[in-house]
Amino acid sequence: MRPCSTVADDDSVQTIEFVRSRLKPIAISSETFKTKAKYSLLEEGDEILLLETGEHTSKYTLFNLSKGEVIAKGEIDGPPLNIGVTSFFDYDSIYFNTGLKGKIYRMDTSGIIKEEINLSNLSASWFLEGSLPSLLENHDQGKIEIIDGKLVFNLDAFDYWLYPNKNSINALVVYDIYKSQIVSEMGGHSTKLTSSSIYLPDKYTYPYFEIKDDLVFVSHPFNHSIQVYDKAGQLIEDVCMASQYIDQLQEPLGQNYDIQESINFHITAAHYGQINYHEGSELFSRLVFHSSPLYDNDGKLNMNNCDKTYSLILFNKNLEKISEIFLGNDALWVRALPTKTGYVVSGKCSNYAGEDFLRYNFKYDFKK
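Just so you know, we're using the working numbering here: the sequence shown kicks off at 23 and counts up by one.
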C-alpha cells in the first residue's frame with residue numbers, strides 16, 4: 023500500500039482552480055414537484071441535461087440546465103413503477119432498479135420501457151440460505167454503471183452488520199445480462215470493519231464506485247484508501263487517498279447502540295463520499311465530508327446543516343494525489359452531480375435557490 027503522503031512528481035503537479043458559476047434559475051410548478059427527488063445528469067455537447075425522478079412516483083421531469091428550461095415531463099408508459107435513483111447514459115438508456123422486486127429497467131426520455139432485466143435468480147457467493155436478490159435502492163451508492171457491456175451495481179445485504187461472515191461480503195458486483203449471472207464480486211470492507219461487534223448506518227456501509235478504462239475505482243465512506251479492481255474482481259491496487267481534514271475516522275457504533283448515539287454519529291462523523299472521473303479535465307475527484315461539532319454555540323445539538331463543510335481530493339489517472347480543495351459550506355455537496363469538468367450542485371442556506379426554483383443552481387469547473 024502506498025503511503026498517505028504520496029503526491030504526484032513535481033513535473034506533473036498542476037495548479038487546479040475550481041471556478042463557480044451560477045446556473046440560470048428554472049421555475050418549478052406543483053405538477054413537477056416530487057418528494058424525495060433524485061437526480062442524474064447527461065452531457066450532450068455543451069449542454070447539461072438533468073433528469074428528476076422520485077422515490078414514490080413514476081413521473082419524471084427533464085431539464086436543460088444550460089438553457090434554464092424544462093424540456094420534457096411525463097410518466098412511465100406502462101405499469102406503475104417508482105423510479106427512484108437513475109443512471110442516465112443517453113436518450114434511450116436510463117437505467118433504474120426496483121430493489122426488492124429484483125428487476126432493472128431501461129427506459130427512454132419518452133417514458134417507454136425499452137428493456138426489463140429480471141434478477142430473480144440473482145445469487146452472490148456470500149448469500150445466506152433463503153436470501154432474496156435485491157439491489158441497493160434509493161441511496162447515493164445505488165447507481166448502475168456499465169463495464170465491457172455488463173452492469174455494475176451494489177447489492178443490498180439487508181442486515182449487513184448482522185451477517186456472520188462479513189469479511190466474505192463483496193456487495194459491488196458485475197452482472198452479465200445475457201448469462202443472467204454475476205460474473206465478479208468486489209468492494210469488501212477492510213478487516214477492521216468486519217468485526218461482529220460494530221454497526222454502521224447504510225450510507226456509511228456501501229461503497230461508491232467509478233468506471234475508467236475497464237477498471238473499477240472504489241471509495242468506501244469509512245476507509246482512507248481507494249481500491250482499484252479489474253472487471254474480473256481482482257484487486258489491482260489499494261492506494262491511500264486520505265483527506266488532510268480527517269485526523270482520524272470515528273469509531274463505528276456498537277451493535278447495541280441507541281437512537282441518541284446514532285444521531286450523534288450522523289452529526290459528528292467525518293467520512294468519504296462519491297468518487298468520479300472527469301474526462302474533460304482528466305482528473306479523478308473524491309468527496310470528503312468533514313466532522314461537525316456535536317453542539318452549537320447555545321449548547322444544543324448541532325442539527326444546522328448550514329455550517330457543514332466539505333473538500334475535494336484530486337488525483338490523476340496514475341493514482342497520484344494532486345491536491346485537496348477546501349469547498350467550504352456554500353453548497354449541499356451530498357447532492358453533487360459530476361460533470362466532465364467538475365460538478366453541478368445545489369446551493370444551501372444563504373445560497374438556496376428557493377422553494378419555487380429547481381434546487382441545482384451552481385456549476386463548478388476545474389481550470390488548469
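All C-beta atoms, glycine included, are put in the ideal place defined by N, C-alpha and C.
Quantities reported herein were computed from a predicted structural model and do not represent experimental measurements.
In this structure the stretch 263–281 does not lie against the stretch 194–202, because fewer than three pairs of beta carbons, one per stretch, are closer than 8 Å. Three or more beta-carbon pairs separated by less than 8 Å link the stretch 224–238 to the stretch 151–161, which places the two stretches in contact. Residue environment for LEU309: buried (at least 16 other C-beta atoms within 10 angstroms of its C-beta). In the three-state reduction of the DSSP assignment, LEU359 falls in the strand class.
Membership of ASP387 in the beta strand (DSSP E) is indicated by the continuous run 382–389. Look at the stretch 88–146 and you find these whole runs of beta strand (DSSP E), each 3 residues long or longer: 91–97, 108–112, 115–119, 125–129 and 135–140. Nearest neighbour of GLU304 by Cα position, chosen from PHE85, ILE70, PHE348 and LYS389, turns out to be LYS389. By a beta-carbon distance limit of 8 Å, PHE85 contacts LEU72. Their separation comes to about 4 Å.
Excluding residues up to 5 positions away in sequence, ASN327, CYS328, ASN351, ASP352, ALA353 and LEU354 lie with their Cβ nearer than 8 Å to the Cβ of LYS370 in the same chain.
In the DSSP assignment, ASP260 falls within the unbroken beta strand (DSSP E) covering 257–262. Within the model, the alpha-carbon separation for VAL250 versus LYS46 is close to 38 Å. Contact annotation, ILE126 with LEU141: C-beta distance approximately 7 Å; criterion of less than 8 Å satisfied. Around the C-beta of LYS165, 16 or more other C-beta atoms lie within 10 Å, and the residue is accordingly described as buried. Cβ contact annotation for ILE258 (same chain, cutoff 8 Å, sequence separation greater than five): LEU237, VAL250, TYR251 and ASP252, in chain order. Of the residues assessed, LYS81 falls on the buried side of the cut-off, its CB having 16 or more other CB atoms within 10 angstroms. PHE287 carries a helical assignment under DSSP once its states are collapsed to helix, strand and coil. Under DSSP, VAL250 takes part in a beta bridge, and its partners are PHE239 and GLU259. Excluding its 5 nearest sequence neighbours in each direction, TYR365 has C-beta neighbours in its own chain below 7 Å: ALA358, LEU359 and TYR386, listed in chain order. Going by DSSP, TYR226 is part of no beta strand (DSSP E) but of the alpha helix (DSSP H) stretching over 224–227. DSSP, read as helix, strand or coil, puts GLY164 in helix. Secondary structure note for ASN327: it is in no beta strand (DSSP E), with a DSSP letter that is neither H nor E. In chain order, ALA353, ALA358 and PHE384 place their CB closer than 6 Å to the CB of VAL367, counting only its own chain and leaving out the 5 sequence neighbours on each side. Put simply, the backbone Cα of TYR279 is about 19 Å away from that of PRO186. In this structure, GLY255 keeps its C-beta atom at 8 Å or more from the C-beta atom of MET325. Note that the C-beta distance between ILE105 and PHE118 is below 8 Å. The beta carbon of VAL240 sits closer than 8 Å to the beta carbons of LEU194, MET208, GLY209, PRO229, TYR230, PHE231, ILE248, GLN249, VAL250, TYR251 and ILE297 from its chain, once the five residues preceding and following it are set aside; these are given in chain order.
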